[in-house]
Amino acid sequence: MENMIKRLLFICLALGAAQFPAFGKTNVLFIAIDDMNDWIGPLGGHPQAITPNLDRLAKMGVTFRNAHTASPACHSSRVAIMTGVRPSTSGITANVFRGIGPNWRKNRKLADVVTLSQHFRNNGYTAVGGGKIYHSLQWWNGSENDPDTWDSYFPEPHKPIPFQVRPPARAVQAHEASCFGRRPLGNHLFGWLPVAEGDDGMSDYKVVDWAVNEMKKKREKPFFIAAGIFRPHIPWEVPRKYFDMYPLDKVQLPDHKEDDLVDTWDHGRRSWHQWVAQNDQWKQAVQGYLASITFADAMVGRLLDGLERSGRAKDTIIALWSDHGMHIGEKENWEKFTCWEESTRIPMFVVAPGVTGGGSVCDRPVSTLDIYPTLAELAGTALPKQLEGESLVPLLKDPKSGRRIQPAISSYRRIHGVRTDHWRYILDPGSKLEELYDHRKDPGEHDNLAYLPEHQAVLDHHRSLLQRYTPVAAPEGRAIPPKSFERLSNNRIQRKNYFPMARAVAEAKAADGRGEPAPILGRKTAPAATKKSGVKNLARIDPAREGKVRSGGNGLEVQLMFRNRGKKDVIVYWINTSGDRVQYKGIKPGEEVKQRTFSGHYWLVVDHSGKALGMYKAENQDGLIQIR
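End of the sequence shown sits at 729 in my numbering; the numbers just go up one at a time, nothing left out.
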């Protein structure tokens, strides 16, 4: 009898171990994908997307269909994921460029935090990384990676994206006439083109090769392998076979409403959309993005195949996420950098052996901020004190009714968005513009309901949520439109001096046909001007005039040089055509920064306390701005 009991006990323990493996010995495969929105099979964002491997991953674990980034920008999103600290807490809410090393460590809120890879190293794991995990780009050396938090990094910590083939310099199929005189970001970066080489010529292929080899290594410790896939980040350059999957004449454009921006801002990318429309490049861009998504999906498939071949699939947690979404012309916007759905909604999957059921779906709003505490709990480790996200383990166990407390909050610069089950609320504290969208009736977020009295209770609730989880002082009472908007008789709001895109493009093409400078966004073209040679020191304008000036002019392209001769960091804002601030970049003491702009455009410089140091107006020649 005793032997029988022991045998039964052994069987029970064995079955329990098979169903619930020892978390402390479970490996982690951590997959990051850059700029991937919801245009994938499991999320249904585009009906033509071909993503068999993400479909496969969805069948292995839990798909979070309402997952959102903590910040719709590469740098701020990735720092939030790896530290578990909310962007609005750290103040890191935008991109930085050309960083060498973890400049975010200089932030007093992040100086001593334990990063995700550090956490696993401290708990008995071998933590290795490759590709883009922290912010970095293909075309320059540098990364915000912290080498001290990894056992090793491929190919190297501050050059994490391997060499990749590029197409010929002028191979992008579009003429150069545009509202800028050339395409946004230049001919190389905002482009879409098949490359002649196969998959093995791509940087992502090399990162996946490295990750698969790491999985095969014999180890005394469990592994934490972070593999960063760069595509579908721009430029959309992948092997031709992926373009061929999407014949140009059959490509479907995303949902678009002509007057979509009548009740909100354009976030500075509307001129990009004008260029695309004016040059008939929208379908080509969609084709390039879809092709790049399918290429990235193929790389995910190679990672899953490698894990299966390693024999460690049954004791490996898989977490796949994208740093943010992507606009492909929706709301006349391109790239990310907004708190709308297209920018914030992301693919996110978790496979946890013994915990997740295959093919499970969770529709509760979750955040990339939740990844760190989720993986820490699955590994059976104590959660670091700095974490501000919420473990998703209850939702992994019960995706339909598991516990969830926090909404998904996204922050970019001064703008914040709150996503709940059915609603999105956005606040710009600077202009006081509020947006409210009901996703049950309006998934494209076309109709801003924030100013309708019947939605006051919903508005107040989301204001309180924002105030609870961020340092923002939410408005109170009835929503008041900014000065650049007017309240209509039906309580909706409308931008003053708003021009539909069709009109803007028609005016631009007509001007181009006459050999005139193309008007920007419907603005009437002034008499032709000629750019003067040389560089002019621009005179300081009293910043008290802010609110009385707005950018205009004839669209003559010039370049400004901002030179910080002071002892403190400063921030540069563009004053847009409505007279509102649009934050561009920070400049450190002794640093010089170039900025392309147009004659008649205003620029404002402020210190970190918010004090305006000076305003400057671009003229019809390159300008120098001395900041003291």
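For each residue, glycine too, the CB sits at the ideal point set by N, CA and C.
- Approximately 14 angstroms separates the beta-carbon atoms of M602 and H368; this is outside 8 angstroms, ruling out the contact.
- Assigned with DSSP and collapsed to three states, D522 falls in coil, not helix or strand.
- When C-alpha distances from R403 are compared across G192, A483 and D301, the shortest belongs to D301.
- Excluding five sequence positions before and after D247, the CB atoms of its chain that fall closer than 6 angstroms to its own CB belong to P203, given in chain order.
- Taken in chain order, the complete alpha helix (DSSP H) segments of 4 residues or longer contained in the region 537-597 are 557-570.
- Residue environment for Q388: buried (at least 16 other C-beta atoms within 10 angstroms of its C-beta).
- Annotated as distal: D364 and R651, with beta-carbon spacing of 8 angstroms or more.
- Taking every protein chain shown into account, the CB of Q353 has fewer than 16 other CB atoms within 10 angstroms, so this residue is exposed.
- In this chain, the beta strand (DSSP E) harbouring N128 covers N128 to I134.
- Beta-carbon to beta-carbon, A719 and G701 are separated by about 7 angstroms, close enough to satisfy the 8 angstroms threshold.
- Straight across, the Cα-Cα distance linking Q385 with I132 is about 28 angstroms.
- Closest option to F264, judged by alpha-carbon separation, among R157, S218 and S304: S304.
- Sequence-distant Cβ neighbours of N721 in its own chain, meaning closer than 8 angstroms and more than five residues away, are A630, T631, K632, K633, L657, V659 and S700.
- Three or more beta-carbon pairs separated by less than 8 angstroms are not found between the region 454-462 and the region 503-513, which leaves the two stretches without contact.
- Beta bridge pairing from DSSP links G407 with no other residue.
- Put simply, of L567, K649, V313 and R284 the residue whose alpha carbon is nearest the alpha carbon of R370 is R284.
- For A605, DSSP records no beta bridge to any residue.
- By the Cβ-count criterion, N138 is buried, with 16 or more other Cβ atoms from all chains shown falling within 10 Å of its own Cβ.
- By alpha-carbon distance to A558, the top candidate from V573, L211, A580 and F198 is A580.
- G715 carries a strand assignment under DSSP once its states are collapsed to helix, strand and coil.
- V494 and L476 have their C-alpha atoms some 9 angstroms from each other.
- Pairing S511 with T445 gives a Cβ-Cβ distance under 8 angstroms.
- Counting only runs of 3+ residues, the beta strand (DSSP E) found wholly inside the region 284-338 occupies 324-330, in chain order.
- Going by beta carbons, F396 and R332 fall inside the 8 angstroms limit.
- Around the Cβ of G412, a 10 Å sphere holds fewer than 16 other Cβ atoms; the residue is exposed.
- Counting every other CB atom within 10 Å of its CB across the protein chains shown gives K432 a total of 16 or more, marking it as buried.
- Counting only runs of 4+ residues, the alpha helix (DSSP H) found wholly inside the region 420-487 occupies 442-445 and 472-479, in chain order.
- Shown here, Y235 sits in coil according to DSSP, grouped into three states, outside any helix or strand.
- Ranked by Cα distance from H147, the options Y390, H562 and E692 are led by Y390.
- Under a 10 Å Cβ-count criterion, R520 is classified as buried, with 16 or more other Cβ atoms of the shown protein chains found around its own Cβ.
- Annotation: R697 to I688 spans about 16 angstroms, alpha carbon to alpha carbon.
- If you check the CB distance, H176 and A509 do not come in under 8 angstroms.
- With respect to the 8 angstroms criterion, V229 and I330 are not classified as neighbours on the basis of their beta carbons.
- For V377, the uninterrupted alpha helix (DSSP H) run begins and ends at R371 to Q379, by DSSP.
- For V180, no beta strand (DSSP E) encloses it; the enclosing alpha helix (DSSP H) starts and ends at C175 to T184.
- Burial is judged here by how many other beta carbons sit within 10 angstroms of a residue's own beta carbon; H428 has at least 16 and is buried.
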